[in-house]
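With the UniProt record's numbering, letter number 212 in the sequence shown gets 212, and the count goes up by one each step, no holes.
Take a look at the structure set out below.
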Amino acid sequence: MISLRQLKYFVEIVDAGSYTRAAERLYIAQSALSRQMKELEGEMQVSLLQRDSRHVELTQAGQLFYERSKRILEDLADAVVQAYQVGKGEQGLIRVLHSSSVTLTAAIGAVFNVLLIQFPGVSLDFSKAPSEHQALDIDEGRADFGLVRLPILRKFPNIQVKKLFDEKLMLAVSAEHRLAQKSSVEIGELRDEHFVSFPHKDRGGLSYLVAELCMRHGFFPKAARATSRKSSQLNLIEANLGIAVVPHSMQEVAPAGVRFLPLPEPDAHSAVALIYRRDAPVMTANFIEAFLRLMPDADKF
């Protein structure tokens, strides 16, 4: 049976150019090195090295075996490093979910850029999912952590929720809408408007929060004839098919034909939170801990 030690000895002899130098580098007796090479060639039943008093030369079979052996040793060394990094939480793929209303702004992108520098072995895979679905996907292991709009209605004992920041809500309307030229709009003025984002009875998130906000001002939002729960709602708004109350950050991804108006009410804001499993793997837990450290200044979000 060929051993890794024999592969290492063989490659070292070729790289050193002689048994003498190889034995010095390996800190073993030359006679022991010679014995290992004889056993290797005997096991393979082929001559790998031609040697004289000064140096060694590879046979044709030896050249092929040297190239493959070196690759095996290099792959093994890489595997050892990668296994160590994974074990220490330094390498692997992290699956990140975010609600369509949690825009990956330049500021949040800058945080992820810093983290990718701090964790050179980590790769990120981003997908959109409703806040309520994120909690289920993370709880069942299909994702690692998520960025959600509170509230989340369904509670999962193994899911940890960490509030990140509050964000001001704004009214989004078409440039052709009757309210587009106003400097600000109060929630009560939206009583007769039609909303392109409508709350689902079993889901939390932004639309649920907006419905609560409207009810605190005496009405329930009316559904437009064309609705969307995703960022495409901005296209419906641009087409003047309805309005929506959206986070301030949605301005970064809005089409040119959408106008954003401030809502002066003090309760017109929403919270963004990070959700993850309490028993997250080491790599994910370390990444999340670093993420939370980099997110103390909510004002820039």
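Ideal placement from N, C-alpha and C gives every residue a C-beta, glycine not left out.
No experiment lies behind these values; they were computed from the predicted model shown.
Per DSSP, what are the beta-bridge partners of residue i in this structure?
i	result
aspartate 125	Arg95
lysine 163	Ala273
glutamine 50	Glu57
alanine 211	Its beta-bridge partners do not exist; DSSP assigns none.
methionine 170	Val246, Pro262
isoleucine 70	Correcting the residue identity first, residue 70 is lysine in this sequence and not isoleucine. Partner(s): none; lysine 70 has no beta bridge.
histidine 194	Lys222
Tell me where the beta strand (DSSP E) around residue i begins and ends.
i	result
glycine 146	145 to 149
valine 114	From DSSP, valine 114 is part of no beta strand (DSSP E) but of the alpha helix (DSSP H) over 106 to 118.
residue 302	In the structure as shown, the chain begins at 1 and stops at 301. Residue 302 is therefore absent and cannot be evaluated.
alanine 244	244 to 247
Using 7 Å as the limit for Cβ to Cβ distance, is residue i near chain E?
i	result
valine 210	Any reference to chain E falls outside this structure, which holds one protein chain only.
The alpha helix (DSSP H) spanning residue i covers which residue range?
i	result
arginine 35	30 to 44
lysine 8	4 to 16
threonine 20	19 to 26
valine 253	Element bounds for valine 253: n/a, residue is neither H nor E.
valine 282	282 to 293
arginine 181	The question names arginine, but residue 181 is glutamine in the sequence shown. Unbroken run through glutamine 181: none, as it is neither H nor E.
isoleucine 237	233 to 238
histidine 133	131 to 139
So, under 8 Å CB-CB, residue i and residue j are touching, yes? Tell me the CB distance rounded to an integer number of Å.
i	j	result
serine 197	glutamine 233	5 Å
isoleucine 2	leucine 40	6 Å
threonine 103	serine 207	With a Cβ gap of about 16 Å, threonine 103 and serine 207 do not count as contacting.
glutamine 36	tyrosine 9	5 Å
leucine 274	leucine 292	7 Å
arginine 95	aspartate 144	5 Å
valine 185	leucine 261	5 Å
alanine 172	histidine 194	In fact, because the Cβ distance is near 13 Å, the residues do not count as touching under 8 Å.
threonine 20	glutamine 6	About 19 Å separates the two Cβ atoms, so there is no contact after all.
glycine 62	leucine 49	6 Å
isoleucine 159	arginine 277	7 Å
leucine 26	glutamate 43	Not confirmed; about 20 Å, so no contact.
serine 270	proline 255	That pair is no contact at about 22 Å.
serine 99	leucine 136	Incorrect: roughly 14 Å between the Cβ atoms, too far for contact.
valine 272	arginine 149	6 Å
asparagine 109	histidine 55	Note that residue 109 corresponds to glycine in the displayed sequence, not to asparagine. About 57 Å; that fails the 8 Å criterion.
serine 127	leucine 97	6 Å
valine 14	leucine 64	Contact flag wrong, Cβ pair sits at about 12 Å.
Validate contact between the region 191 to 203 and the region 280 to 298 using beta carbons, cut 8 Å, 3 pairs: Result no; under three Cβ-Cβ pairs closer than 8 Å.
Touch test, the region 156 to 168 against the region 211 to 219, Cβ-Cβ under 8 Å, three pairs minimum: When C-beta atoms of the region 156 to 168 are compared with those of the region 211 to 219, fewer than three pairs fall below 8 Å, so the two segments do not count as touching.
At least three beta-carbon pairs within less than 8 Å, the region 214 to 234 to the region 64 to 81: Contact between the region 214 to 234 and the region 64 to 81 is absent, because fewer than three Cβ pairs lie under 8 Å.
Three or more C-beta pairs below 8 Å linking the region 230 to 247 and the region 116 to 123: Inter-segment contact for the region 230 to 247 and the region 116 to 123 is absent: fewer than three beta-carbon pairs are separated by less than 8 Å.
Touch test, the region 132 to 151 against the region 178 to 186, Cβ-Cβ under 8 Å, three pairs minimum: The region 132 to 151 is not in contact with the region 178 to 186.
contact_flag[the region 283 to 294, the region 264 to 271] where n(CB pairs < 8 Å) is 3 or more: With contact defined as three or more Cβ pairs closer than 8 Å, the region 283 to 294 and the region 264 to 271 are not in contact.
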